[in-house]
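Chains as they are written, first to last, in our numbering: chain A, 1127 to 1447; chain B, 1127 to 1447. The C-beta atom is built at its ideal place from N, Cα and C for all residues, glycine as well.
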């Protein structure tokens, strides 16, 4: 992985991915006691940054490979990113999703033309289903974060942050990144190292799923005690990625951890002051920017990594206003 | 009013107002049966396009005039726009608001440093309070729409629409504008006449408050039978403006009218597919784009004029998903 791969991905994504703006609101600055700039990737195509990595991966394939089709395992944002990227290329896409995934996410993935294969979490293994389908149809697996071209695509978000910070005269501060497997974190970290070395990337995770924060402390890839069930469904991964963790370890500052209540309050504040929809996993970085005692930077730039939340969860967050 | 005033306002607003993106989502295109591009002015500073006109008006004043302060009557978005623009200039701002205005809007206006003077709708006249304060303190009144520099400021949104449509290769279609007093409609209409004459502006209003649509038919400024109480509080005005209506009449296509249910559904769809927060009055144009039978254009560009809605109303809209 290197910056050249990210700038190459940016060239492929030019005019395709949305250059999301950098938002801010005086009320959030006042609440945080520091300047808070927000990169709303919820406004990206398919409602999350995942479109960047998905399109980067597909656009890096040979037309022949792409023409045979791609396959992904995902119950959420990666699924929609892959489905939409494949749709743009006219390539077949198969997404293996658990049968108990939220109906809206299954419907969303289908709406981009993907074939959704449902499996029973209790009785079947998605890897086996995937391997069989891949072999039968010659599909190429696109992993959600441990895949160089996916990381390169997510890194284009970091290039934009570097350029937008420069336009505002911001050369120092913390860049808070919503962190699951670490694809966005690693991509942004590589981009900032090259383009804005005064901006320090820091992963942010929800309570009970702070594998990256603990791994950064211990130096080895720690595993979460639980695998699912948290509020922040989009960023719940068992442990940091094989490819992403060495990058995070080399380039990132200490991890930050936020509570579910802080996440819901951040969602409510994004609704009220920024007018964007953040999903729980997408709001962890804003929650840290607003409520964490472990930040000393005068300026923080935080990603809102996605907005694919169901109405009930959003309505619950709104009660925190 | 002319295009030169708008380009001059754009120069004053450069680097101050946010250049909002042009969003779209395949699901909305499919639902509408046409291409739907969305200009989310809810992402503008203070959560609505009103900041453009407010800053335009204040920046056109002499420093001496501005230094004495400004005054506005408003229960909503114009109040916040004026308050924020005055704050940027370090100018005093007095906003006369009804005492029964939503607490969040009063609080929002105060958060930008404005002095809020509350009055009792039943017992007092805001014009009298305003006139007295203006005289005592030498304040300058900034009207919400019947004011040339305000219309010029709103027109900058039209310049952006023209440029963004050009970038996408769109040279023909309807531009749907959320319409209250007509400041945004007139401003956008003047900008499009000069910069994108193939794009036809059309005002959109909510049921029971369709004064502009009826006025465009009859040729005279019609008055609404009721003055308040509708869902779309941000765009409820008694009749088209004196300055704005002749512009609308000359440049706009037929008006469109949407039902409250269509508005709530549009808010839910903006949440789901665009991840932006639209207030009811800000969602009328999107509602028309999606549900109106009176549109034949293959491409529509619709404004979301603001996002300052309370959680209860938004939660109600979410039940329409």
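Quick one: what's got a C-beta closer than 7 Å to residue i's C-beta in the same chain, skipping five residues either side?
i, result
"residue 1151/A", "1399 and 1400"
"residue 1193/A", "1217"
"residue 1300/B", "1326, 1328, 1379, 1421, 1423 and 1426"
"residue 1386/B", "1332, 1333 and 1357"
"residue 1199/B", "1222, 1252 and 1256"
What is the residue span of the beta strand (DSSP E) that residue i lies within?
i, result
"residue 1160/B", "Here residue 1160/B belongs to no beta strand (DSSP E), and DSSP marks it neither H nor E."
"residue 1329/A", "1325 to 1332"
"residue 1223/A", "1219 to 1224"
"residue 1199/B", "1196 to 1199"
"residue 1425/B", "1425 to 1430"
Please classify residue i: does DSSP put it in a helix, a strand, or coil?
i, result
"residue 1357/B", "coil"
"residue 1306/A", "coil"
"residue 1187/B", "coil"
"residue 1386/B", "helix"
"residue 1268/B", "coil"
"residue 1241/A", "strand"
"residue 1338/B", "helix"
"residue 1363/A", "coil"
"residue 1251/A", "coil"
"residue 1149/B", "strand"
"residue 1166/B", "strand"
"residue 1344/B", "helix"
"residue 1276/A", "helix"
"residue 1174/A", "strand"
"residue 1433/A", "coil"
"residue 1420/B", "coil"
"residue 1299/A", "strand"
"residue 1260/A", "helix"
List, in order along the chain, the chain A residues whose C-beta lies closer than 7 Å to that of residue i?
i, result
"residue 1144/B", "1147"
With a Cβ-Cβ cutoff of 9 Å, do residue i and residue j count as a contact?
i, j, result
"residue 1308/A", "residue 1335/A", "no"
"residue 1317/A", "residue 1291/A", "no"
"residue 1202/B", "residue 1165/B", "no"
"residue 1149/A", "residue 1426/A", "no"
"residue 1298/B", "residue 1324/B", "yes"
"residue 1296/B", "residue 1180/B", "no"
"residue 1402/B", "residue 1430/B", "yes"
"residue 1405/B", "residue 1433/B", "yes"
"residue 1392/B", "residue 1416/B", "yes"
"residue 1394/A", "residue 1320/A", "no"
"residue 1183/A", "residue 1282/A", "no"
"residue 1441/B", "residue 1278/B", "no"
"residue 1414/B", "residue 1302/B", "yes"
"residue 1412/A", "residue 1446/A", "no"
"residue 1271/A", "residue 1345/A", "no"
"residue 1280/A", "residue 1313/A", "yes"
"residue 1132/A", "residue 1256/A", "no"
"residue 1244/B", "residue 1227/B", "yes"
Looking only at its own chain, which residues have a Cβ that is under 6 Å from the Cβ of residue i, when we skip the five neighbours before and after it?
i, result
"residue 1238/A", "1209, 1210 and 1213"
"residue 1138/B", "1185"
"residue 1363/B", "1306 and 1307"
"residue 1206/A", "1172, 1234 and 1235"
"residue 1274/A", "1127"
So which residues on chain B does residue i lean against when the C-beta distance must stay under 7 Å?
i, result
"residue 1433/A", "1401"
"residue 1088/A", "There is simply no residue 1088/A to check, as chain A begins at 1127 and stops at 1447 in what is shown."
Where does the unbroken alpha helix (DSSP H) through residue i begin, and where does it stop?
i, result
"residue 1404/B", "Run containing residue 1404/B: none; DSSP gives neither H nor E here."
"residue 1397/A", "Where residue 1397/A is concerned, there is no enclosing alpha helix (DSSP H), given that its DSSP letter is neither H nor E."
"residue 1130/B", "1129 to 1139"
"residue 1207/B", "1203 to 1215"
"residue 1410/B", "1410 to 1417"
"residue 1373/A", "1370 to 1377"
Can you list, in chain order, the residues of its chain with a C-beta nearer than 8 Å to that of residue i? Leave out the 5 residues immediately preceding and following it.
i, result
"residue 1342/A", "1329, 1374, 1375, 1378, 1380 and 1381"
"residue 1241/B", "1218, 1219, 1220 and 1221"
Mind listing the chain B neighbours of residue i? Cutoff is C-beta to C-beta under 9 Å, in chain order.
i, result
"residue 1441/A", "1437, 1440, 1441, 1444 and 1445"
What does residue i reach in chain A if we use C-beta pairs closer than 8 Å?
i, result
"residue 1175/B", "Correct list: empty, because the minimum Cβ distance to chain A is about 12 Å."
"residue 1199/B", "Those within 8 Å of residue 1199/B in chain A number zero; the least Cβ separation is about 23 Å."
"residue 1168/B", "1401"
List the residues of chain B that residue i touches, going by C-beta distances under 8 Å, in chain order.
i, result
"residue 1305/A", "In chain order: nothing, as chain B lies at least about 20 Å away."
"residue 1397/A", "1403, 1437 and 1440"
Within the present structure, is the beta-carbon of residue i separated from the nearest heavy atom of the ligand FAD by less than 8 Å?
i, result
"residue 1234/B", "The ligand FAD is not part of this structure, which contains no ligands at all."
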